[in-house]
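Heads up, the thing below is written out as structure tokens.
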Amino acid sequence: MKLRSVPLVFMLAIAAVAQNYRIVGTVVNGANDSPVPKCQLAIRTEGPEAPPRAMKTFTTTSDSGGHFVFDDLAGGKYSLTARCNHFNAQALDEHDGFSSAVAVGPEKDTTNIVFRLAPSASITGRIQDEFGDPVIDAGVLLFRRGTSLGAKRALLRSRANTDHGGFYHFYRLPPGEYLIAIIAHPWYSQYQPPPDFSREDVPDFDVGEADLNLTFPVTYYSGATDSASAQPIKLQPGDRATADILLSAQPAYEIRFPRPEADESVRRTTMHEVQTSIFGAPVDVHSMVNTMNNGRVDVVRGLAPGDYIMQTRNFMPAPNGASNTADESRQIVKVSNAGAELKQTTPSTPVTGSVELDGIRGALRQTTIRFQKADGTVVDTRTTANGALEPFHLFPGVYEYSAFSQQGVIKSLEAANAKVIGRTIEVADKPVTLKVTLADFATKITGTVLSTEGKPFPGAMVILVPDDIEHNLNIIRRDQSDTDGTFTLRVVMPGKYRLIALQDAWDSAWSDSNFLAPYLPSGITIEVPPNSPPIKTDVKVQRAR
Amino acid sequence: MRSSPSVLFLKAIFLALLFFSRISPAQIQTIGPGPIRYPNASSTERYPLTGVVVDAATGEPIRHALVQVSIEKMHSVFTGDQGQFEFPKLPAGTMVLSIVKPGYANVRGFSSRAMRPLMVTVGPNAQPVIVKLPRQAEVFGTITDSNGNTIENVSVRLMRVQVEEGVRKRVQINQSQADEEGNYHFYDLVDGDYILSAGPSWRDLNDPFAPGVVPFEYYAQTFFPAATDVATAATFHLASGKNQQIDLSLSTGRTSIVTVSVAGGNPQSTTVNFLNASGQDVTVLQRHVTREGFIARVAAGPVLIKARGNDGQGGMLYGETTIDASSDVKDVHIQLDHIQIPITYEYQNVTGAQVPLLQPPQLRLISLDPVHPDAWAQTTGTPGNWNYSFTNIEPGRYRVEVPSNDWFADAITSGNVNLKTDPLVVTPGNSQPIEVTLRNDSAQLMIKVEGADPASQSQIMTVVVPEGGGRPRQNTVYSPNQSPVLSLPPGHYTVYAFQDFDDLAFADPEVMKDFARFAQTVELQSKQRAEVTAHVIRKSAQ
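Line by line, the protein sequences are chains H and Z. Our numbering numbers the first residue of the first sequence as 1 and each following residue consecutively. Our numbering numbers the first residue of the second sequence as 1001 and each following residue consecutively.
In structure tokens:
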């Protein structure tokens, strides 16, 4: 069952059929199997396409032995959620946005449910400088090694700031491997303008005074300043880890670059974003940006030695009063004690296009087309009233594309001056024109996951793997089998697939073709034609290796 | 134009006067300001300035504190392992020193009211400076229910009781979320009186607005030690350097559902707030359900509903009503309306002098409710045909303040309410004008101060209280020991001088009653230049 975020609902009468089923179970701490009392449990009717308002919610509280009972239930599927002190609110057997719904009905034993709560872990730490002072308001970035669009890598999970004691605290963390990076400035850091040498009587005050133009380099737990030496923190369920980090100030440098020659007829605004790449993720560096010399030179100050990505946007007033991005460029600059060295300049590529409907009645409603890079960067553009896309810019590279529309899914995307393979588009430096066609031609696949003995198998990860997976990552579909082994895959695009079900694979690189390769031969081949009626098929579970 | 250093320094003194008039006397010990000599940067003579920074309580040296002096540019040094610092070459003169160290009350020039300026004199015979920094306090603890079970993620608020312009106020200075084990921690607190609260907290899997739902776990906002209304909350004192543990147990509370419709404004801009008598927001959850309708779950009890919106043309609209939300309340209706209070001025030119009066004094409203901002009167129209009014101000209770210059307010009224002594009550739809009568025969009072403790570095403050109510005038005495108070309306006054008093609520007659026997009374005639000698009231001598 896929967890849907629907508001908790108003009660509406549902025609009661045989109101004689029960859900009986025990809530236990997943770390030690001890019962958890005083949990609030809720069940909600889980009609596959039921509108949120037709759902019904019942609640109960676990007793001192962790036992709970829901009586007088009609047959059907129910999502089961628990809210307990010291645990995240969670659904039964919850993984990665999926959980197992409880199927209630004839010959379904739902009187012995064990609700195993996943205990969460925490990391606490104190950031101090070399003088033992707390580093206040330091940016603490928490990365977790996990799976993103096919690959295992360090993913930015959350960001916190240290308090006035220099402490940070991340909690409710799932088990796994974590990395921590710190972006901070010393409390005393100040920029001092150099003496004005045009004056003759320059005061000689500076002898023996302190240099405050210092900063902290990006520092990784447990103190390294290069990401390769970052020390991972391994968290088991319920762990409380401590990760203190000592920062050491270094001279700060600046990047200066001239502005483009001002065209007096156009009022434009220039914005700079300074980013550094931490485990492949672009992270904003909070440094000072000043404009000097009557607006002709921009200066970015307070930078530690290292490579930076300078993103520059020139905004021009659009005719309708909105501010449109006129152009954009990205420079990679190496900052060191020898000065700032420009390593690479990449201008962005302008993109225009239109959206059409195929076989959908009515006019096009507003649609967002999304382009996502492997590093997580997202660029969105929307349709205007006449079906054109708002002009936008993409930096050269490969993007996955997808649509947010109430009317359908992307049937095809054609591009001039760009290469389209599967659900990816590769943009170079030539202006791109897109033609996007939306169609309502997807279907759904339902069925039951079976054990090797042919019995319904709950809690398995069901994966619908498209051919040429590298170029079709965003049409992979997943579900978790419910207590009766059943599953539903929604919005399945036409195409060729393999359907597999895996046991104990929730923490795997589930969209990596190398990981999937050994399981695909035992999967079921499915070819989905356009506008297919719902497909029904069972699948045998495979044990993850 | 480039200001000369002496002009800059005079500006600094002026700022210092403004500054001293707002803050409590400095606690730091320094060599005294002595006779003021202006730094002369163009002179070639240079002198070292040395000193030491220590912990005020323990006398331990404070290392790696930032010491700065601003003369032509910012000069910066850090203290060494023994707390010592040295500026090798500075011009002679009196200047402001600032010292910053995390975890300590900082002394930082004129930049903020929480910090106190420290004057030092540089020259051939300058003594080393000794700076004693008080360590900041901390407060930490755990939030639990009445059974001692910790409550997670609950919001924790810290208020400080402080005096602003002679009025004691509760000011929220910090807010954070307790962690998953109910723990909170606030750092960097100056010594003073505080109020701690936590909640409300709502945790339930049911629809919060379903009829008949009894909340699974609802905790009312609770003030240490066990009050649910800020008016009955206890204060606790945090002394410098104190690391105080305060645990708080939240009481389970009752809630009610209230539905409100708000008419008259642009629906997208309309917002509602649910407040108790102390001005606390008592909303647990709120939802905008229809174009004009809201549903909210609020703490049970009397509730003031305040609604605001706009008219789509830049004008603000207000409405409010009080309900008894002991149980669910349905279909509360609020009509939004403009607030426009015209101001009219009448001049009594008593002296007959040709005083060029360009603009009358601009009226200011000082909010007497905890939730509203102060407001300034607005001027519209054209030269020679000006209109004055208060518009777009929140309903509530205000004190009306009229700055005195050559003209002072002899009378301020709204209908038959005397606004010199009574508050202005602003309600939506109200357009009763404020009438100000101005006169130009003000008196001056020179207060000579005697009996000050010459060894104390604390500032001396004078307070002049008009008889029969009205706003006291407060001044900080700068060298020498006298303090001029200008533009006083003729009448009877009580005059006080204080030293060593932190946070004196001089606008509170109850507070001032204790000092009446030390005070001088004076009667000022029209245009009189009077002089009075006030004996300093010292806290240490009490």
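By construction, the Cβ of each residue, glycine as well, lies at the ideal position given by its N, Cα and C atoms.
Between the alpha carbons of Thr1427 of chain Z and Lys435 of chain H lies a distance of about 59 Å. Taking 8 Å as the upper bound for CB-CB distance, Val1329 of chain Z and Ser1278 of chain Z are not in contact here, some 20 Å apart. Between Ala1307 of chain Z and Val1258 of chain Z, the C-beta gap is not smaller than 9 Å, which leaves the two residues out of contact. Secondary structure of Leu1250 of chain Z (DSSP, three-state): coil. Interface annotation for the region 19 to 42 of chain H against chain Z: Gln40 and Ala42, criterion Cβ-Cβ distance under 7 Å. Nearest in C-alpha terms to Gly25 of chain H, of all of H:Ala31, H:Asn32, H:Glu46 and H:Thr61, is H:Thr61. It is roughly 28 Å from the alpha-carbon of Ala439 of chain H to the alpha-carbon of Trp510 of chain H. The shortest CA-to-CA distance from Thr433 of chain H to any of H:Lys419, H:Thr446, H:Val491 and H:Lys444 is the one to H:Lys419. Below the 8 Å Cβ cutoff, chain Z contributes Asn1149, Thr1150 and Glu1152 as neighbours of Asn85 of chain H, in chain order. Only Phe131, Asp133, Pro134 and Ile136 from the region 123 to 157 of chain H bring a Cβ to less than 8 Å from some Cβ of chain Z. Under the Cβ distance rule, Tyr1218 of chain Z does not count among the residues neighbouring chain H, no pair being separated by less than 9 Å. Judged by DSSP in its simplified three-state form, Leu1419 of chain Z adopts coil rather than helix or strand. Distance from Ser1442 of chain Z to Pro1489 of chain Z at the Cβ level is roughly 6 Å; contact confirmed, criterion being Cβ atoms closer than 8 Å.
The C-beta separation of Pro534 of chain H from Lys444 of chain H comes to about 5 Å, placing the pair in contact by the 8 Å criterion. Around Ile1062 of chain Z, the same chain offers Val1053, Val1054, Asp1055, Thr1079, Gly1083, Lys1101, Tyr1104 and Leu1133 as residues with beta carbons nearer than 8 Å, after the five sequence neighbours per side are excluded. Residue environment: Ile421 of chain H is assigned as exposed (fewer than 16 neighbouring CB atoms within 10 Å of its CB, all protein chains considered). Secondary structure of Thr1255 of chain Z (DSSP, three-state): strand. The beta carbons of Val539 of chain H and Thr452 of chain H sit no closer together than 9 Å.
The DSSP-derived three-state label of Val1402 of chain Z is coil.
Counting only runs of 3+ residues, the beta strand (DSSP E) found wholly inside the region 1109 to 1160 of chain Z occupies 1118 to 1122, 1129 to 1133 and 1137 to 1144, in chain order.
A distance of 9 Å or more separates the beta carbons of Gly1312 of chain Z and Asn1276 of chain Z. For chain Z, none of the residues of the region 89 to 115 of chain H brings a beta carbon within less than 7 Å of one of its beta carbons. Beta-bridge pairing by DSSP links Asn1183 of chain Z to Z:Thr1142. For Pro1509 of chain Z, the enclosing alpha helix (DSSP H) has its first and last residue at Pro1509 to Lys1513. Residue-level contact by beta carbon fails for Gly1301 of chain Z and chain H, as no gap is shorter than 9 Å. By the C-beta criterion, the region 1358 to 1370 of chain Z is judged not to be in contact with the region 1314 to 1327 of chain Z, since fewer than 3 inter-stretch pairs fall below 8 Å.
In the structure shown, Thr1232 of chain Z falls within a helical segment according to DSSP collapsed to helix, strand and coil.
Per DSSP, the continuous alpha helix (DSSP H) segment holding Ser513 of chain H begins and ends at Ser513 to Leu516. DSSP places Gly166 of chain H outside any beta strand (DSSP E), giving it a letter other than H or E. A straight line joining the alpha-carbon of Arg1473 of chain Z with that of Ser1487 of chain Z spans about 10 Å.
For Ser79 of chain H, the closest Cβ of chain Z is not nearer than 9 Å. Put simply, of Z:His1338, Z:Ala1296, Z:Ser1249 and Z:Ile1130 the residue whose alpha carbon is nearest the alpha carbon of Gly1314 of chain Z is Z:His1338.
At least 9 Å separates the beta-carbon of Leu413 of chain H from that of Thr352 of chain H. The alpha carbon of Phe1209 of chain Z has as its nearest neighbour, out of Z:Ala1519, Z:Leu1285, Z:Val1417 and Z:Asp1410, the alpha carbon of Z:Leu1285.
At a cut-off of 9 Å between beta-carbon atoms, Met1074 of chain Z makes contact with chain H. Chain Z has no Cβ within less than 9 Å of the Cβ of Glu46 of chain H.
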